[in-house]
């Protein structure tokens, strides 16, 4: 079975092909047009998807060594995401399915991130899953794949958003996470301390707006010369606050739900300090950590295709009448 996945929920245009459950191609085009604005401009993102969707799909099919006529199923992201961006990939995928008379499978972007951890390995359930990106920070208990219990989520900014806004304030570029990660490697994370919010809140929710506000206040009061001359240490401190907040909540969740497998996915899962601290925590607890390769942490169609296979085998195809849902939540099932 050949499955084509299409992902256009934000600012990456991506297409991937699976042969059964083996990834054979994954093409990702990241839009550079947003860098000068310090964040994603929805209208520009939609237009870029329209320009790139056909070349990206063609390249994915060519790299897989197949033709479009060989494809058996197409999966595409339905939501959450930017409505204009979602519509490009979703409409393209449904049109292809109609023309080729093959099944279409609509995919939830958050659930697809979770399935990115299953592309190269099998994972035992129950498991804990932390989804952490520029738009989402959520913690789930997974009794079995396809069944999700939301344990906690951010009450304000997402973790990746906090890093992106810090980078934007300093004029370091977009996306900010990779830039901060690179500079922070040369710094001392203990020299400057920033708040870790809600660590004693009694729940598993997150908050990152306090870190962002504290960072802006620190930069403003310290002055540009001081900030520039101490940038690696400052950014290491900011990154440490974000990472500590994530890992501490994961520790608290694991005390309540002592599972043997922990999944961490999303763009922020590419952060080297987070990967380091998670590995240390899981080793101490005797837990197996599942973090995708860095190339599969950011938005990609491989995770869409992998989830589409699972959903098709379990539920069959989706109706072609399905629409984009920008605010789509991952479906909570069970008690």
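Residue numbers (our numbering): 59 to 393. Just so you know, even glycine gets a beta-carbon here, dropped at the ideal spot from N, CA and C.
Could you pull the DSSP bridge partners for residue i from this structure?
| i | result |
| --- | --- |
| residue 83 | 75 |
| residue 135 | 165 |
| residue 347 | 320 |
| residue 264 | 212 |
| residue 202 | 205 |
| residue 195 | 190 |
| residue 60 | 77 |
| residue 185 | 200 |
| residue 88 | 70 |
| residue 65 | 72 |
On the premise that residue j lies in contact with residue i, defined as a C-beta separation below 8 Å, what is that separation, rounded to the nearest angstrom?
| i | j | result |
| --- | --- | --- |
| residue 190 | residue 337 | That pair is no contact at about 16 Å. |
| residue 299 | residue 253 | 7 Å |
| residue 323 | residue 355 | 7 Å |
| residue 72 | residue 95 | Incorrect: roughly 21 Å between the Cβ atoms, too far for contact. |
| residue 187 | residue 198 | 5 Å |
Among residues of its own chain, excluding the 5 on either side of residue i, which ones have a beta-carbon nearer than 8 Å to its beta-carbon?
| i | result |
| --- | --- |
| residue 384 | 137, 138, 139, 140, 141, 144 |
| residue 79 | 364, 367 |
| residue 93 | 231, 232 |
| residue 101 | 142 |
| residue 60 | 75, 76, 77, 122, 124, 128, 129, 130, 131 |
Only counting the same chain, and skipping five residues up and downstream in sequence, which positions put a Cβ closer than 6 Å to that of residue i?
| i | result |
| --- | --- |
| residue 388 | 166, 168, 169, 206 |
| residue 214 | 265, 267 |
| residue 108 | 146 |
| residue 369 | 163 |
| residue 226 | 96 |
Please tell me whether residue i and residue j are closer than 8 Å, where the distance is taken between their beta carbons.
| i | j | result |
| --- | --- | --- |
| residue 74 | residue 359 | yes |
| residue 290 | residue 244 | yes |
| residue 195 | residue 212 | yes |
| residue 119 | residue 160 | no |
| residue 320 | residue 308 | yes |
| residue 231 | residue 192 | no |
| residue 83 | residue 127 | no |
| residue 98 | residue 130 | no |
| residue 222 | residue 210 | no |
| residue 203 | residue 376 | no |
| residue 238 | residue 154 | no |
| residue 81 | residue 177 | yes |
| residue 85 | residue 114 | yes |
| residue 310 | residue 247 | no |
Could you pull out every residue in the same chain whose Cβ sits closer than 7 Å to the Cβ of residue i, ignoring the five residues on either side in sequence?
| i | result |
| --- | --- |
| residue 382 | 136, 137, 141, 144, 145, 148 |
| residue 335 | 301, 305 |
| residue 251 | 295 |
| residue 156 | 378 |
Between the region 144–160 and the region 270–286, do at least 3 Cβ pairs fall closer than 8 Å? no
query: Touch check for the region 59–73 and the region 349–369: three-plus C-beta pairs under 8 Å?
result: yes
Is the region 338–355 close to the region 258–275, with three or more CB pairs under 8 Å?
-> no
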